[in-house]
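Data block below; observations after.
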Amino acid sequence: MMLVALGSMAKKKSPEREMRAVWVATVDNIDWPSKAGLSVEDQKKEMTTLLDQHKKNGMNTIVFQIRPATDAFYQSPYEPWSQWLSGEQGIAPDPFYDPLQFAVEECHKRAMELHAWMNPYRAVFLYQETETDPEHITNQHPEWFLTYGKHRYFNPGLQETRDYVSKIVGDVVRRYDIDAIHFDDYFYPYKIAGEPFPDSLSFAQNGGEFYPNRIDDWRRDNVNRVIKQINDTIKSIKPWMPFGISPFGVWRNKDMDKSGSRTKAGQTNYDDLYADVLLWLKNDWIDYVTPQIYWHIGKKVADYRKIAKWWRRNSYGKPCYIGQGVYRLDSISTAKAWRSADQIIRQIKLNRRLKGLNGSMFFCSKNFTENRLGINEALQTEVYQSPALNLENSNYQATRLKAPKLQMKEGVLTWNAVEGAIYYVVYQSSGKSVKNDKVFCITTLLESGISKQEEKMFYSVKSVDRGHFESVASNWIRVGK
């Protein structure tokens, strides 16, 4: 792959910093790999191709699902290789490679973050159809698990399961150069009509002060405990590393709680998934929140605009990114709003107008591979004309990086490497002033090509550390007449 850093002038200046992320789902081969059993060469090619597309679209972060069902898309000492990699659980890639390590390296080459996406409680996906490896934890400790609907889950009421999941997360944080740990909306499973979750015995045995009348509070306490324990585990290893969660879009409906949103969601985080996300934000147990607002602007029972406004008021000062449902784009959708990529563009523009919202995460990657309703061109021309840096990480101890020295050699901008820098940002301006500059490119290289132009432009470069803190600007160089 040729890593060439190029940029172009934007019609309108976009934010210098915002989250632009894509979920890459591996469960059931949703996004990657496209099917189980591909050759290692094809798996790698698919990964680099999708990363190139997302970089071209202006993305700066990949949320890569590495543990979809108590299995692994990395070399784990505790859990078997995923069935969605080879076609059979427990079978390592041949010739061997580590998909997580590969993805981390490829993301970092492109100056993109990789957030390791893990599912804490899902143990076996479609358990009646899945043959688990003999070493799978459900076979080693069947007493830790409950079956509900078509899937098998960790029993959230057991301290053993909290300890186990925390150990798995800690192992990944310790051994891989990831940029964050990410959980989605799956805690207690979404309720199935007429089928109660089978934890009454566990409640009787472990309910403590909550037993016998406060099972909902007990369930929430179980999830609270695992969230706090996992955050403590992460911070004990790498204090700077963010722990982010993308919950279901509605915390509570207003008819259940005056603090809730003006929505009529059939299920909610607090009442049905037992995920008290606001408590986690308030107590600093998570570092960012990405509510999944997969509804269109103006939807009666769940209006994107109203819900986005609610979350920006209730994020307790943490970065709040909005999860957006690119998968809903469909030319024959029953909702007219989803028949054009303009719905996503309108949502992004709304996010930018609402102070306290810091960007977007898009579900999911394959919709960009398919270029659903021209979403790629819409992003590139309407809202992501210029690259964007990630937000500064408040947990990271900034390192006062030196500014690079910028030169022009044979039509190419070049600069020296700076100790401690993980990437560089080239700025473009119509004058020697930061007042009207914009991000031209973000790269790990020490050079950037400049397209031929008649108009006079000025360029400078800054070095950036792991926490996304910039150095002062280099010298400015004029290009053009």
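FYI, UniProt numbering numbers position 279 of the sequence shown as 279, with every residue one higher than the one before it.
No residue lacks a Cβ here, since even glycine has one placed at the ideal position from N, Cα and C.
Helix, strand or coil for K11 per DSSP?
-> The residue labelled residue 11 in the question sits at position 11 within the sequence shown. In this prediction, K11 has a pLDDT of 46, which is less than 50 and means its spatial position is unreliable; what the coordinates show is noted afterwards. Coil at K11, not helix or strand.
On the three-state DSSP scale, how would you describe N253?
-> Start at 1 with the first residue of the sequence shown, and residue 253 comes out as number 253. It is a strand residue.
Can you give the beta carbon distance from A21 to T70, rounded, assuming they're within the 8 Å contact cut?
-> By 1-based counting over the sequence shown, the position of residue 21 is 21. By 1-based counting over the sequence shown, the position of residue 70 is 70. Incorrect: roughly 24 Å between the Cβ atoms, too far for contact.
In whole angstroms, what separates the C-alpha of V173 from that of K228?
-> Numbered from its first residue, the sequence shown carries residue 173 at position 173. Numbered from its first residue, the sequence shown carries residue 228 at position 228. Cα-Cα distance, rounded: 16 Å.
Any idea which residues DSSP pairs E195 with across the strands?
-> By 1-based counting over the sequence shown, the position of residue 195 is 195. Note: E195 sits in a beta bridge opposite I192.
Helix or strand or just coil, what does DSSP make of residue 483?
-> This structure cannot speak to residue 483, because the chain is shown only from 1 to 481.
Looking only at its own chain, which residues have a Cβ that is under 7 Å from the Cβ of S331, when we skip the five neighbours before and after it?
-> Numbered from 1 along the sequence shown, position 331 holds the residue referred to as residue 331. Here the set comprises R339, L373.
So, L329 versus I344, is the Cβ gap smaller than 9 Å?
-> In the sequence shown, the residue the question calls residue 329 occupies position 329. In the sequence shown, the residue the question calls residue 344 occupies position 344. Against a cut-off of 9 Å, the Cβ pair of I344 and L329 comes out as a contact.
P404: which of L446, N393, Q385 sits nearest, CA to CA?
-> In the sequence shown, the residue the question calls residue 404 occupies position 404. Here the closest residue by C-alpha is L446.
Using 10 angstroms around the beta-carbon of G480, count the other beta-carbons present and answer buried if the total reaches 16, otherwise exposed.
-> Looking up residue 480 in the sequence shown gives position 480. Exposed is the call here.
Could you tell me which residues DSSP pairs with A72 in its beta bridges?
-> As a position in the sequence shown, residue 72 is number 72, starting the count at 1. DSSP output for A72 lists W81 as bridge partner(s).
Reduced DSSP category for A204 - H, G, I as helix; E, B as strand; rest coil = Mapped onto the sequence shown, residue 204 falls at position 204. Helix.
Counting only the same chain and skipping the five closest in sequence on each side, list residues whose C-beta sits under 7 Å from that of M256.
-> Taking the first residue of the sequence shown as 1, we reach residue 256 at position 256. Hits under 7 Å: D271.
Contact check, D287 vs P242, beta carbons under 9 Å | Taking the sequence shown and counting its residues from 1, one reaches residue 287 at position 287. Taking the sequence shown and counting its residues from 1, one reaches residue 242 at position 242. Contact flag set, yes.
So, is A123 buried or exposed, given that buried needs 16 or more other C-beta atoms within 10 angstroms?
-> Within the sequence shown, the letter at position 123 stands for residue 123. Flag for A123 reads buried.
With W310 as the anchor, note down where its beta strand (DSSP E) starts and where it stops.
-> Along the sequence shown, read from residue 1 onward, the residue named residue 310 stands at position 310. Not the beta strand (DSSP E): W310 falls in the alpha helix (DSSP H), residues 304 to 313.
Exposure label - residue 487; buried when at least 16 CB within 10 Å = Nothing can be reported for residue 487, as the shown portion of the chain is limited to 1 through 481.
Residue from Y423, W240, W81 whose Cα sits closest to the Cα of D465 = One-based indexing of the sequence shown puts residue 465 at position 465. The residue with the shortest Cα to Cα distance from D465 is Y423.
Host beta strand (DSSP E) of F210 (start-end) | Counted from its first residue, the sequence shown places residue 210 at position 210. Neither: F210 is in no beta strand (DSSP E) and is coded neither H nor E.
When Y316, N283, A337, P319 are compared against V326, the one with the closest alpha-carbon = Here the question's residue 326 lines up with position 326 in the sequence shown. Comparing Cα positions, the closest option is A337.
Is it right to say P319 is buried, meaning 16 or more other beta carbons lie within 10 angstroms of its own, or is it exposed?
-> Counting from 1 along the sequence shown, the entry for residue 319 is found at position 319. P319 should be labelled buried.
Nearest-angstrom beta carbon gap, Y74 and Q101 [assumed within contact, 8 Å] | The sequence position of residue 101 within the sequence shown is 101, counting from 1. The sequence position of residue 74 within the sequence shown is 74, counting from 1. Rounded, the Cβ-Cβ distance is 7 Å, consistent with contact.
Please classify residue 537: does DSSP put it in a helix, a strand, or coil?
-> With the chain covering 1 to 481 only, the question about residue 537 has no answer from this structure.
Are the stretch 193 to 202 and the stretch 246 to 263 touching by the rule of at least three beta carbon pairs closer than 8 Å?
-> no
Between the Cα of N283 and the Cα atoms of Y316, E377, E455, which residue gives the shortest distance?
-> Counting from one through the sequence shown, the residue named residue 283 turns up at place 283. Selected option, being the one with the closest Cα: Y316.
From the DSSP output, in three-state form, read off R162 for me.
-> By one-based count along the sequence shown, residue 162 stands at place 162. Helix, per DSSP.
Chain-order list of residues whose beta-carbon lies under 7 Å from that of S34 (same chain, five-residue window excluded) = Here residue 34 refers to the residue found at position 34 when the sequence shown is read from its first residue. So the qualifying residues of the chain are E46.
Can you round the beta-carbon distance between A388 and P15 to whole angstroms, since I take them to be within the 8 Å contact cut?
-> The count along the sequence shown starts at 1 and reaches residue 388 at position 388. The count along the sequence shown starts at 1 and reaches residue 15 at position 15. 6 Å between Cβ atoms; contact.
Compute the beta-carbon to beta-carbon distance between L126 and F64, rounded to the nearest angstrom, for a pair I have assumed lies under 8 Å.
-> Here residue 126 corresponds to residue number 126 of the sequence shown, with the count starting at 1. Here residue 64 corresponds to residue number 64 of the sequence shown, with the count starting at 1. The pair is not a contact, with the Cβ atoms about 22 Å apart (cut-off 8 Å).
Out of F368, F440, V418, point me to the one whose CA is closest to A25's CA.
-> Locating residue 25 in the sequence shown gives position 25, counting from the first residue. Residue F368 is the option with its Cα nearest to A25.
Counted within 10 angstroms of its Cβ, other Cβ atoms place F96 as buried (16 or more) or exposed = Walking along the sequence shown from the start, residue 96 turns up at place 96. Label assigned to F96: exposed.
Please look up how many angstroms separate the CB atoms of G87 and G37, rounded, as I've assumed it's under 8 Å.
-> Looking up residue 87 in the sequence shown gives position 87. Looking up residue 37 in the sequence shown gives position 37. That pair is a contact at about 4 Å.
Taking DSSP as the reference, what is the three-state secondary structure of E447?
-> For the purposes of this step, residue 447 is taken as the residue at position 447 of the sequence shown. In this structure, E447 counts as strand in the three-state DSSP scheme.
Neighbour-count burial assignment, S200, 16 or more Cβ in a 10 Å radius | As a working mapping, residue 200 is identified with position 200 in the sequence shown. It counts as exposed.
Simplified DSSP state of Y186, which is helix, strand or coil | For the purposes of this step, residue 186 is identified with residue 186 of the sequence shown, where counting begins at 1. Three-state result, Y186: coil.
CB-CB under 7 Å to G467, same chain, minus the five flanking residues each way: which ones, in chain order?
-> Here residue 467 refers to the residue found at position 467 when the sequence shown is read from its first residue. If we look at G467 and ignore the five residues flanking it on each side, its Cβ neighbours are W240, E392, N393, Y396, A398.
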